[in-house]
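Have a look at the structure below, then the notes.
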Amino acid sequence: MTLNLRIENNILTIVVPLLYILGCTEPFTAPTEDFENILVIDALITTEDKFQEINLSRTFLFDAELEAEREAVVQIVGNDNSTYSFTEREPGQYFSDTSFGAVPGVLYSLSVITQQGDSFIGGPISIEQEAELEEIRAVRTTTEEGEEGIAIVADGFDPTGEAIFYRYDYVETFKIVSVANPQFDLIVASENPPLLEKVPKTRQENICYRTQFSNSILLTTSENLTESRIENFQVRFIPKTAFELRTRYSILVNQYIQSRTAQSFYEDLRDFSNVLTVFAQTQPGFIIGNIVSDNESDTRVLGLFEVSQLSSKRIFFEYDDFFFDNSPPRFIRDCPVVQGGSRDPVLFDLIKRKTHKYRGDGDPSGFVASPIGCIDCTVYGSNVKPDFWED
Amino acid sequence: MVNVALGQNEGKRISLSFDDITISEALSKIEEVTDYEFYYLEEWLGTNLVSGEYDSTIDVILEDILGKIEVNFYMLEANKVVLTKNSIVYDSLPEVFQKNNLNDTVKNQDFRLLDEADIPILAIRSDSNSPTTIETFRVGKRNRGQRSRTATLKGIILNGTTGDPIPDLQIVVRNENRAAITNTDGAYEIRLPLGTHILEMIALGIENTKKRVVIYNDGSLDFTLNESLELLDEVIVEADADKNVANTTSGSERIDAEESKNIPLVLGERDVLRVATSLPGISTAGEGSAGFNVRGGKSDQNLILLDDAVVYNPQHFFGIFSALNPFAISSLNVYKGSFPSEYGGRLSSVFDIKTKNADVETIKGEASIGPVTSNAVIELPVIKDKSSLLLGGRGAYANWILRSLDEPDLENSEASFYDFLANYNHKINSNNSIKATGYYSRDDFSITSDSLFVYKNQLVSLKWDHAFNEKTTSSLVASNSQYDFDIEFDGDSNDDFLFGYKVNESEVKLKINHIKDSKFSYNYGIASKLYNIDPGDIEPLDENNSIVEPRSINRERGLESAFFVSANLDITDKLSVEAGVRLSNFLALGQGSQAVFEEGQPRNQGSIIDTLDFERNEVIESFFNPEPRISARYLLNPSLSIKGGYGRTYQYIHRLSNNTTVSPIDTWKISDSNIKPQSADQFTLGLFKNIDGNTFELSLEGFYKRSDNILDFKTGAQILLNENIVLETLQGEGESYGVEFLIRKNKGKLNGWLGYTYSRSFIKFDSEFPEEQINNGDFFPSNFDKPHDLSLVTNYKFSKRFSLSTNFTYQTGRPVTVPVGSFSFDNSEFVVFSDRNSFRIPDFYRLDIGLNIEGNHKIKKFAHSFWTISIYNVLGRNNPFSVFFVTENGEVQGQQASIFNIPVPSITYNFKF
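Line order of the protein sequences matches chains A and B.
Numbering-wise (my numbering), the first sequence opens with residue 50 and increments by one.
Numbering-wise (my numbering), the second sequence opens with residue 63 and increments by one.
What follows is the structure, encoded as structure tokens:
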């Protein structure tokens with residue numbers, strides 16, 4: 050601001066800021082004495098016809114491992130006289146015994162009885178709104194920070210105008226082609242004396258498919274909009290240099306039309322886990338959800354039982370569809386080469402510890418090896434082509 | 063005894079005539095026609111004109127022409143006539159007369175023709191050792207034949223700096239054991255024996271002054287006294303000399319803006335509000351946190367008044383800077399205990415801020431240049447000695463602070479703010495004066511490049527002070543104030559919007575004061591305030607490209623009215639009581655709609671059984687509440703008193719916030735049929751002691767406060783644009799108690815204060831429904847429960863130019879809600895929070911040092927300069943402000959943030975003319 054006071058003598062203006070102010074954030078270790086072991090119920094049933102999955106686990110300390118809730122009795126009952134029992138296939142993962150999809154208009158109730166005999170109930174709830182995931186697109190974009198990349202955006206629409214709360218998640222799958230495709234492997238022929246032997250490769254390690262799940266909460270609403278239409282909602286941003294874009298990329302976007310309860314549950318999850326600014330912090334607290342204890346004991350439970358309409362779309366694209374500089378992202382890792390003969394102790398050690406793999410023959414003799422990830426793509430993904438994959 | 067002394071030529075007749083000439087000219091004429099020579103000071107004779115024809119003796123002529131002025135004459139031998147002021151010259155001098163005992167004022171004058179030794183003045187010093195710098199005044203004309211040996215001295219005492227009368231000034235005549243005190247008009251009256259007396263004049267903020275008065279008869283004598291320079295330069299929270307002990311009310315503090323200038327504060331900013339937080343019982347949630355917590359009350363429970371109009375957000379930039387121009391503020395009175403019945407509408411405190419009146423004689427200005435803000439104020443006389451205009455402006459260049467904050471989220475952020483203040487005061491006559499004030503402040507900040515937040519305060523107030531007579535005065539205030547904020551979102555997708563919120567209130571208040579006598583006074587009045595709140599509207603930023611539907615939540619209207627009366631009675635010399643009541647009424651007015659909930663059910667969408675619609679101005683709900691206030695003081699001895707008080711307060715407007723600290727986008731909501739008014743009862747008891755006059759003031763005060771219907775929210779409540787906010791609100795109880803200790807040294811080279819508070823603040827939200835409980839319905843510590851709070855403010859004056867100030871603060875860390883574990887949900891890991899506020903962040907302590915350098919005091923220098931070099935957080939203590947948890951790539955990480963974690967030096971230059 051300039052001072053504009055000119056009354057006889059001027060005001061002398063001197064500013065001497067000596068040092069800068071630095072705000073700071075640093076790691077903080079939370080206390081553990083108040084830890085409470087609470088049952089967590091993640092029960093999302095969708096319209097998709099499949100073996101529906103319900104996950105039961107326990108809250109755990111920060112440095113501890115996830116603890117599954119074993120041997121519970123899980124069941125969903127619909128008011129159309131349907132009953133679906135769930136069986137634990139993996140620890141804490143319960144799948145319906147029959148394949149089914151939720152039917153709009155039917156009221157569903159959840160019941161969970163733990164091994165200890167605690168009983169919890171959710172519902173009855175039903176699907177009340179539906180909206181189509183009309184289109185997903187990959188668009189070349191630049192972020193506010195100036196980073197170039199590709200945004201995956203979604204358009205959703207409910208012509209009846211009733212759908213309000215939209216949630217998205219995605220499953221991305223991309224192709225990994227190893228940097229070299231040798232037809233041979235090096236194996237340890239003898240430990241003492243150290244000796245390596247070149248043998249033909251027994252499996253395909255050149256082309257793999259890696260699948261990654263979204264791990265952020267993507268919510269939007271048409272609450273303040275003139276119609277129930279979501280446009281250009283960004284589901285994912287992939288920087289231009291990300292290895293996902295090196296070969297061929299595919300993304301499956303799921304759109305869930307959910308209840309107000311589910312929306313606020315997910316909002317709380319999101320808001321309590323992300324700070325807006327250092328100056329204003331949302332008051333956090335216990336997230337109640339919509340599952341309650343069925344006994345007198347009022348045992349605390351953290352859970353959401355939701356029946357959602359699901360609408361999905363998949364697209365495929367490649368780096369060259371958007372960028373024309375012919376410089377796709379680098380391979381996932383650096384791939385230096387190590388050379389040595391069949392009795393070279395250094396090479397022997399790398400092969401024995403399975404950190405490196407045969408890449409080719411040396412010049413004029415011996416072998417060339419590279420880190421295992423450069424040769425064997427199964428380090429990063431599966432060498433089985435997914436059913437949906439289109440080249 | 064005949065007091066007339068005449069020379070030997072008295073019988074000789076003189077013939078002459080005067081026609082409208084001055085006495086001096088008349089004396090010259092006598093000298094022309096006779097042999098008489100006169101010795102006198104020209105100025106004694108004044109400009110009075112005399113006329114007359116004489117054929118009489120010299121003494122008749124002189125008595126006639128000198129009779130109108132206070133001058134006597136004495137005939138010496140050889141036709142010499144000495145004129146004397148006031149005194150009648152005696153033929154025989156008293157023994158005490160010493161010929162060199164000259165009157166100081168006369169001594170240095172051009173004394174015509176007369177040897178000093180011959181001056182016959184009988185001003186006898188009662189105390190010959192008193193310093194000769196005491197100015198001497200003469201009062202009254204001695205009449206021949208005067209019988210009375212005592213006389214009455216009257217007059218008015220004015221402040222030489224402001225020209226205002228000085229009330230409550232003590233005039234002490236030690237030798238006679240007599241004293242008088244000036245009234246509110248600065249007038250005094252004292253009866254004294256004839257002769258010479260030393261008057262000692264004592265008042266707070268006024269230089270102690272002694273004047274010698276020679277009294278000949280009844281008369282009047284006005285003084286103009288200087289303000290105490292020593293006091294001005296010190297860090298003092300001002301109180302009247304015996305206010306600490308003698309005032310009936312307790313729990314009030316006064317902060318003088320000028321006197322707070324030496325306290326080292328962040329970035330060299332002078333800030334009366336921040337000084338207030340160094341006093342016991344007043345705190346903030348943390349560094350960089352807006353709002354105040356007074357005696358365990360929430361931050362929306364403070365009534366902050368600027369020239370009688372409410373300021374909703376008196377702080378800029380998340381509370382780091384005050385939004386009040388420090389040069390435009392004259393004083394801040396904080397009531398944290400039982401506040402006077404004229405104030406209401408908030409539970410915990412009143413911050414009564416008054417702006418300065420501009421000088422009515424000369425143009426004055428003051429400015430400061432600091433590393434972040436610059437301030438300027440200019441005072442302009444409009445009609446000399448009657449009216450003046452004050453203009454103040456202030457701006458900040460804070461962007462560089464945000465950029466240097468080590469917070470990646472803030473990289474694209476911007477912040478700027480400014481405020482303006484103007485006031486006009488006009489003294490119409492001695493019984494009427496008016497003052498108009500206008501204020502505007504604005505903050506702009508953007509945390510990300512696609513959103514811009516703007517918040518503004520604006521207010522106007524108009525006050526008319528009227529005196530019906532000496533004992534009855536009134537003040538009529540009309541004011542309007544508004545707080546609003548906008549959020550502009552301009553992202554890449556099709557949902558660009560502009561969101562706005564506004565609260566506007568208009569108030570009229572009439573207060574009448576009546577002083578019956580020195581033992582009994584009372585005041586009463588009425589106030590009425592109309593609220594208009596626009597709780598939120600949203601519209602598309604660009605109508606063509608945005609599918610945001612324009613929507614607005616219905617305007618809320620309310621009328622808050624009160625009748626108040628309060629009386630102050632000295633029952634005995636020792637026991638004084640102030641009692642009052644405020645009868646408040648609140649009407650929630652239509653147009654609007656109210657949800658009706660099923661009894662015995664938790665409040666949610668499902669339990670709404672009806673929605674009632676109300677017409678414009680239809681009464682939705684009416685509340686009527688009596689608010690008794692009483693306080694009493696008992697003097698155990700003149701320097702020790704015990705005080706107690708009780709007060710009840712109601713609040714009809716509530717700040718809605720689901721943040722842990724105050725945010726500028728918190729909204730305010732008035733009570734209606736679903737949100738009850740908040741109420742509080744507070745009891746206080748304290749001991750107050752002065753030592754060595756008021757050099758040391760000590761106080762120890764305890765309080766207990768219970769509040770009801772305080773507002774909070776269900777976890778994760780959405781507040782903005784929520785048409786049914788009542789579904790998210792919880793109302794509960796609060797309880798706080800504490801002991802506050804303050805010792806203050808007001809005088810001397812080393813001055814300052816030490817305040818310590820032990821207090822607790824708890825809240826409770828209980829219900830039969832688990833979703834309407836917090837922490838199982840038990841009492842838990844509030845966000846600002848900080849049991850130990852210690853402040854030490856000192857100022858040491860090395861010389862007239864240099865002084866060193868320090869400010870040390872220690873506080874228990876505030877309670878925060880932290881996760882007690884993790885859980886997995888939908889492929890991600892999240893944190894689970896258990897009980898609210900079960901953990902405390904580390905204790906807070908900070909030391910600030912400031913060196914103040916006054917410019918030199920050369921008289922001819924046009925302007926006065928003042929440098930403040932300060933270091934904030936000298937110890938470099940990393941005081942965590944908040945702890946928070948982020949989920950990154952499915953992993954939970956705890957972080958703690960601090961605002962200033964290194965010593966922050968700054969230099970501010972102040973300039974005054």
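The beta carbon of each residue, even a glycine, is placed where N, CA and C say it ideally should be.
> K142/B by DSSP, collapsed to three states: which one?
Replying inline: In the second sequence, counting from the first residue as 1, residue 142/B sits at position 80. Strand at K142/B.
>> Between G956/B and chain A, is any beta-carbon pair separated by less than 8 Å?
In response: Numbered from its first residue, the second sequence carries residue 956/B at position 894. With 8 Å as the cut-off, G956/B counts as an interface residue toward chain A.
> Going along chain A, which residues have a C-beta under 9 Å from Q898/B?
Replying inline: As a position in the second sequence, residue 898/B is number 836, starting the count at 1. Contrary to the premise, residue 898/B reads as Arg rather than Gln in this sequence. Going along chain A in sequence order, the residues near R898/B (Cβ under 9 Å) are Q332, P333, G334, F335.
> Where does Q544/B sit, in a helix, a strand or coil, going by DSSP?
Replying inline: The sequence position of residue 544/B within the second sequence is 482, counting from 1. Residue state, collapsed to three classes: strand.
> The beta strand (DSSP E) with D204/A in it runs from where to where?
Replying inline: Taking the first sequence and counting its residues from 1, the one referred to as residue 204/A is at position 155. That run of the beta strand (DSSP E) goes 197–206.
>> Does K826/B come out as helix, strand or coil in the three-state DSSP assignment?
In response: As a working mapping, residue 826/B is identified with position 764 in the second sequence. Residue state, collapsed to three classes: strand.
> Within the 8 Å Cβ cut-off, does D320/A reach chain B?
Replying inline: As a first step, residue 320/A must be located in the first sequence, where it is residue number 271. So, interface residue.
>> Let me check understanding here. Comparing Cα to Cα, which of V202/A, T290/A, L353/A lies closest to N303/A?
In response: Looking up residue 303/A in the first sequence gives position 254. The shortest C-alpha separation from N303/A is found at V202/A.
> Would L274/A count as contacting chain B if we go by Cβ distances under 8 Å?
Replying inline: The sequence position of residue 274/A within the first sequence is 225, counting from 1. With 8 Å as the cut-off, L274/A counts as an interface residue toward chain B.
>> If you reduce the DSSP assignment to three classes, tell me which class V422/B lands in.
In response: In the second sequence, the residue the question calls residue 422/B occupies position 360. Of the three classes helix, strand and coil, the one that applies to V422/B here is coil, per DSSP.
> For T310/B, does the count of other Cβ atoms within 10 angstroms reach 16, so buried, or fall short, so exposed?
Replying inline: By one-based count along the second sequence, residue 310/B stands at place 248. It is buried - the Cβ of T310/B has at least 16 other Cβ atoms within 10 Å.
>> Using a 10 Å radius around the Cβ and a threshold of 16 neighbouring Cβ atoms, would you call H850/B buried or exposed?
In response: Taking the second sequence and counting its residues from 1, the one referred to as residue 850/B is at position 788. Counting Cβ neighbours within 10 Å, H850/B comes out exposed, since fewer than 16 surround it.
> Using 8 Å as the limit for Cβ to Cβ distance, is F354/A near chain B?
Replying inline: Here residue 354/A refers to the residue found at position 305 of the first sequence. It does not: the Cβ of F354/A has no partner Cβ on chain B nearer than 8 Å.
>> Please return the same chain residues whose Cβ sits closer than 6 Å to the Cβ of Q663/B, not counting the five positions on each side in sequence.
In response: Residue mapping note: residue 663/B aligns to position 601 of the second sequence, counting from 1. Taken in chain order, the residues that qualify are S669.
> Where does A88/B fall in DSSP's three states?
Replying inline: The sequence position of residue 88/B within the second sequence is 26, counting from 1. If DSSP states are grouped into helix, strand and coil, A88/B belongs with the helices.
> What did DSSP end up calling V433/A once you bin it into helix, strand or coil?
Replying inline: Position 384 of the first sequence holds residue 433/A. Here V433/A sits in coil by DSSP.
> In whole angstroms, what is the alpha-carbon distance linking F973/B and A925/B?
Replying inline: One-based indexing of the second sequence puts residue 973/B at position 911. One-based indexing of the second sequence puts residue 925/B at position 863. Each residue's Cα considered, the two are about 7 Å apart.
> Looking at C-alpha atoms only, which residue of R613/B, S861/B, V307/B, N679/B is the closest neighbour of G598/B?
Replying inline: The residue you call residue 598/B lines up with position 536 of the second sequence. Looking at the Cα atoms, R613/B is the closest of the given residues.
>> Less than 8 Å between the C-beta atoms of K525/B and D370/B, yes or no?
In response: Numbered from its first residue, the second sequence carries residue 525/B at position 463. Numbered from its first residue, the second sequence carries residue 370/B at position 308. Yes; because the gap between Cβ atoms is below 8 Å, this pair is in contact.
>> If you follow the alpha helix (DSSP H) that V966/B is in, where does it begin and where does it stop?
In response: Here residue 966/B corresponds to residue number 904 of the second sequence, with the count starting at 1. No alpha helix (DSSP H) holds V966/B; the beta strand (DSSP E) holding it covers 966–974.
> Are V894/B and D910/B close, meaning C-beta to C-beta below 8 Å?
Replying inline: Along the second sequence, read from residue 1 onward, the residue named residue 894/B stands at position 832. Along the second sequence, read from residue 1 onward, the residue named residue 910/B stands at position 848. Result no, Cβ atoms of V894/B and D910/B do not sit closer than 8 Å.
> For Q164/A, does the count of other Cβ atoms within 10 angstroms reach 16, so buried, or fall short, so exposed?
Replying inline: The residue you call residue 164/A lines up with position 115 of the first sequence. Answer is exposed; the Cβ neighbour count stays below 16.
> What does T879/B reach in chain A if we use C-beta pairs closer than 8 Å?
Replying inline: Taking the second sequence and counting its residues from 1, one reaches residue 879/B at position 817. Under the 8 Å cutoff, chain A gives Q332, P333, G334.
> Going by beta carbon distance, what residues of the same chain come within less than 7 Å of N720/B, once the five residues before and after it are set aside?
Replying inline: Against the second sequence, residue 720/B aligns to sequence position 658. Excluding positions up to five away in sequence, the list reads F775, A779, I781.
>> Whole angstroms are fine: how far does the CA of N270/B sit from the CA of Y278/B?
In response: Residue mapping note: residue 278/B aligns to position 216 of the second sequence, counting from 1. Residue mapping note: residue 270/B aligns to position 208 of the second sequence, counting from 1. Cα-Cα distance, rounded: 25 Å.
> Since V228/A is in the alpha helix (DSSP H), which residue starts that stretch and which ends it?
Replying inline: Start at 1 with the first residue of the first sequence, and residue 228/A comes out as number 179. Unbroken run through V228/A: none, as it is neither H nor E.
> Taking the alpha-carbon positions, what's the I256/A to Y368/A distance?
Replying inline: Residue 256/A sits at position 207 when you count from the first residue of the first sequence. Residue 368/A sits at position 319 when you count from the first residue of the first sequence. Distance between the alpha carbons of I256/A and Y368/A is about 17 Å.
> If we call anything under 8 Å between Cβ atoms a contact, is I266/A one with R319/A?
Replying inline: Here residue 266/A refers to the residue found at position 217 when the first sequence is read from its first residue. Here residue 319/A refers to the residue found at position 270 when the first sequence is read from its first residue. Going by C-beta atoms, I266/A is nearer than 8 Å to R319/A.
>> Using only the alpha-carbon positions, how far apart do I300/A and E622/B sit?
In response: Position 251 of the first sequence holds residue 300/A. Position 560 of the second sequence holds residue 622/B. Taking the straight line from one Cα to the other gives about 59 Å.
>> Looking at Y766/B: is its Cβ nearer than 8 Å to the Cβ of F750/B?
In response: For the purposes of this step, residue 766/B is identified with residue 704 of the second sequence, where counting begins at 1. For the purposes of this step, residue 750/B is identified with residue 688 of the second sequence, where counting begins at 1. In this structure, F750/B does not lie closer than 8 Å to Y766/B by Cβ.
> Between G411/A and S391/A, what straight-line distance do the alpha-carbon atoms span, to the nearest angstrom?
Replying inline: For the purposes of this step, residue 411/A is taken as the residue at position 362 of the first sequence. For the purposes of this step, residue 391/A is taken as the residue at position 342 of the first sequence. Near 11 Å, if we compare the C-alpha coordinates of S391/A and G411/A.
> T346/B touches chain A at which residues, Cβ-Cβ below 8 Å?
Replying inline: Indexing the second sequence from 1 puts residue 346/B at position 284. Correct list: empty, because the minimum Cβ distance to chain A is about 13 Å.
>> Strictly under 8 Å for the Cβ-Cβ distance: is V89/A near chain B by that measure?
In response: Taking the first residue of the first sequence as 1, we reach residue 89/A at position 40. Yes, contact with chain B.
> By Cβ distance, which residues of its chain are closer than 6 Å to I12/A, with the 5 residues on each side in sequence left out?
Replying inline: An answer regarding residue 12/A cannot be provided, because it is not within the stretch 50 to 440 covered by chain A.
> In this structure, what does DSSP give as the bridge partners for N575/B?
Replying inline: Stepping through the second sequence from its first residue, residue 575/B is reached at position 513. The partner list for N575/B (beta bridge, DSSP) reads T535/B, N585/B.
> Hey, I199/A and I287/A are a contact pair by Cβ (cut 8 Å); roughly how many whole angstroms apart?
Replying inline: Translated into the one-based positions of the first sequence, residue 199/A becomes position 150. Translated into the one-based positions of the first sequence, residue 287/A becomes position 238. I199/A to I287/A, Cβ: 5 Å. Contact.
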